[in-house]
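A short worksheet on the structure shown next.
Residue numbers (this note's numbering): 11 to 274.
Right under this line is the structure:
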């Protein structure tokens, strides 16, 4: 009886092996070399998906070779102006198109509608330079600290040129209460040509980058350009200290940007 059971088991093994060897059209029939070749092709290419600002609507896709760059394009949307591609769905960081693609990458379009900005902006902070020494963390805001609103059609562009000393710290705001503050997180970059000109100096408590102080690393004369999109302002109503009276202290904007030029 035992011999018969062993014979049945051997026969079953032969049948299973025969079936697995003669399967038709399945990936299991691919040789090891073919499987490795297909995996290599997949690893050598990545998909870049361009989404609308809603994070779900696909505007386009591109296949990019490993460690190659993806080409940008300008999408159109009725009633809106395209301001750039962002690396995060909350539009907190613009994508660098000089970056090599090493994995499947989602990008998100930033669209804004024009709204005139009627606010006045000032530099508020502290340090040894004349303007910030007088400011004393925003206790004084006058003509020396005030930005100039440039006459640019359908754009809100503010500029200021001033001399700053190493170690000075500052942000931009609309009043001495630091409403609508624009800090380090709004800088397009703190570096130029390999040199760090500005550092993130943080703030009180667990401060996000957008509300962190900008610290001067290289003394000199600077021209700052603040571009605003007030129609896209958002408010952190979930903050336990938020009130309707102080709402502008909880204001932020994913599109506002600070650029700068080192004059000397």
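A virtual CB, placed ideally from N, CA and C, is assigned to each residue, including glycine.
Values in this document were obtained by computation on a predicted structure and should not be read as measured data.
Using a Cβ distance threshold of 8 angstroms, residue 137 and residue 120 do not count as a contacting pair. The residue from 82, 90, 118, 111 with its alpha-carbon nearest to that of residue 99 is 118. Going by DSSP, residue 136 is part of the beta strand (DSSP E) stretching over 132-136.
For residue 114, there is no enclosing alpha helix (DSSP H), as DSSP marks it with neither H nor E.
When Cβ pairs closer than 8 angstroms are counted between the two stretches, the region 208-218 is seen not to touch the region 150-170, the count staying below three. With fewer than 16 neighbouring CB atoms inside 10 Å of its own CB, residue 251 falls in the exposed class. Counting the other CB atoms within 10 Å of its CB gives residue 80 a total of 16 or more, which places it among the buried residues. In the DSSP assignment, no residue is bridged to residue 103. For residue 197, the three-state secondary structure derived from DSSP is strand. Leaving aside the five residues that flank residue 101 on each side, the residues in its chain whose CB is nearer than 8 angstroms to its CB run, in chain order, 63, 118, 120, 264, 265.
Counting every other CB atom within 10 Å of its CB across the protein chains shown gives residue 242 a total of 16 or more, marking it as buried. If only complete runs of 3 or more residues are kept, the region 136-188 shows the beta strand (DSSP E) at 166-174, 179-183, in order along the chain. Here the region 121-137 makes contact with the region 176-185; the two share three or more CB pairs at distances below 8 angstroms. Residue 70 has 60 as its beta-bridge partners, per DSSP. Note on residue 126: under 16 other CB atoms within 10 angstroms of its CB, so exposed under the neighbour-count rule.
In terms of Cβ geometry, residue 169 and residue 157 form a close pair [threshold 8 angstroms].
Per the C-alpha coordinates, the member of 111, 205, 155, 186 positioned closest to residue 233 is 155. DSSP, read as helix, strand or coil, puts residue 220 in helix. The beta carbon of residue 112 sits closer than 8 angstroms to the beta carbons of 56, 76, 77 from its chain, once the five residues preceding and following it are set aside; these are given in chain order.
Per DSSP, residue 232 is one residue of the beta strand (DSSP E) stretching across 230-238.
DSSP places residue 83 outside both helix and strand once states are collapsed to three, so it counts as coil.
Between residue 226 and residue 207, the alpha-carbon positions lie close to 6 angstroms from each other.
Residue 60 is not a Cβ neighbour of residue 131, given a cutoff of 8 angstroms.
Leaving aside the five residues that flank residue 237 on each side, the residues in its chain whose CB is nearer than 6 angstroms to its CB run, in chain order, 167, 267. For residue 104, same chain residues with a beta-carbon under 6 angstroms away, outside a window of 5 residues either side, are 94, 96 in chain order.
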